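If you read the first sequence in our numbering, its first letter stands for residue 2, the second for the next number, and so on.
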Amino acid sequence: MIALSDATPLPRTFFDRPVLEVAPDLLGRTLLRTTPEGQIAVRLTEVEAYDGPADPGSHAYRGRTARNSVMFGPPGHVYVYFTYGMWHCMNLVCGPEGRASAVLLRAGEIVEGAELARTRRLSARGDKELAKGPARLATALNVDRSLDGADVCASGDIPMRMLNGAPTPADQVRNGPRTGVAGEGGDGDVHPWRFWIADDPTVSPYRSHTPRRRRG
DNA sequence: CTAGTGATTCCCT
DNA sequence: GGGAATCACTAGC
2 MIALSDATPL
12 PRTFFDRPVL
22 EVAPDLLGRT
32 LLRTTPEGQI
42 AVRLTEVEAY
52 DGPADPGSHA
62 YRGRTARNSV
72 MFGPPGHVYV
82 YFTYGMWHCM
92 NLVCGPEGRA
102 SAVLLRAGEI
112 VEGAELARTR
122 RLSARGDKEL
132 AKGPARLATA
142 LNVDRSLDGA
152 DVCASGDIPM
162 RMLNGAPTPA
172 DQVRNGPRTG
182 VAGEGGDGDV
192 HPWRFWIADD
202 PTVSPYRSHT
212 PRRRRG
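See below:
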């Protein structure tokens with residue numbers, strides 16, 4: 002059991018701020034996942050901000066639907082989506098309520114429960130790959146749509162909570178275009194809202210958006 | 001290390 | 001109908 006540097010829970014006021022403020026502030030902090038099999042803790046190293054219906058890259062861009070409704074709710078809740086037919090990715094909703102902004106958790110370092118995480122990530126070559134990528138992170142933590150809407154700021158025994166951890170000094174925070182979002186990474190760099198910790202080995206490799214050719 | 005490609009299903013148009 | 005906030009695998013440098 003690795004001692005967490007600061008296991009104080011993050012209060013809802015942490016998330017009830019503009020998403021571009023919250024996203025870099027999440028780097029270095031700890032997500033604690035509790036399951037019947039045990040606990041897994043992840044030190045976040047890479048995130049992306051999505052800022053509501055005005056952001057073309059956001060799932061909220063075309064308004065509220067059954068899938069994204071949690072984004073339109075109060076901050077401090079988890080938005081989980083299913084994509085590419087196989088994978089889940091998790092976000093934390095930010096404030097103010099109704100803006101539909103959220104932070105996608107893209108990568109992290111497993112600092113507790115690596116053995117348990119590995120049972121769900123058998124293809125990972127080493128521990129650094131356990132949560133190197135948003136779907137890998139969700140898989141390692143056993144996160145799926147059943148956790149959509151979960152409140153990470155609730156009291157008592159809850160499946161997921163954010164802990165204070167060790168916030169990253171501003172001079173160690175990097176930012177750039179978001180991964181896999183059309184229009185970013187080229188000339189545009191429209192929204193350089195991907196944030197990561199400089200030189201951290203668990204940050205996922207950057208991939209610009211490439212349109213897929215139709216089968217046939 | 002990078003680049004290319006198939007997998008697989010849900011959701012919105 | 002067709003794209004999707006991705007991954008694992010392969011080939012090649």
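We treat Cβ as the ideally placed atom computed from N, Cα and C, and that holds for glycine. Computed from a predicted model, the values in this text were never measured in an experiment.
Item, Value
"Same chain only: Cβ atoms within 6 Å of residue 139, ignoring 5 sequence neighbours per side", "89, 90, 91"
"Through-space distance from residue 94 to residue 77, alpha-carbon basis", "6 Å"
"Nearest residue (CA-CA) to residue 102, options 164, 181, 56, 115", "56"
"8 Å CB neighbourhood of residue 217 in its chain, flanking five on each side removed", "Note that residue 217 has pLDDT 47, beneath the 50 cutoff, so the model's placement of it is unreliable and the number below is only indicative. Excluding residues within five positions, none has a Cβ falling inside 8 Å."
"Secondary structure of residue 20, DSSP reduced to three states", "helix"
"8 Å contact criterion, which residue 46 and residue 200 should meet: CB distance rounded", "Not really, about 10 Å apart at Cβ, beyond 8 Å."
"Length of the line joining the Cα atoms of residue 11 and residue 175", "23 Å"
"Inter-residue spacing [alpha-carbon to alpha-carbon] between residue 155 and residue 169", "25 Å"
"CB of residue 164 within 8 Å of CB of residue 33, strictly", "yes"
"Contacts around residue 129, its chain only, beta-carbon distance under 8 Å, and the 5 residues preceding and following it disregarded", "110, 202, 203"
"Extent of the continuous beta strand (DSSP E) run through residue 103", "102 to 113"
"Boundaries of the beta strand (DSSP E) in which residue 162 is found, first to last residue", "161 to 164"
"Cβ-based neighbour list, residue 99, same chain, cut-off 7 Å, excluding 5 preceding and 5 following", "73"
"Residue from 173, 44, 172, 148 whose Cα sits closest to the Cα of residue 161", "148"
"Where residue 185 falls, given that 16 or more other Cβ within 10 Å makes a residue buried", "buried"
"8 Å CB neighbourhood of residue 39 in its chain, flanking five on each side removed", "114, 117"
"Secondary structure, alpha helix (DSSP H): runs of 4+ residues fully inside the region 15 to 60", "20 to 27"
"Contacting residues, own chain, Cβ-Cβ under 6 Å from residue 177 (five flanking each side not counted)", "193, 195"
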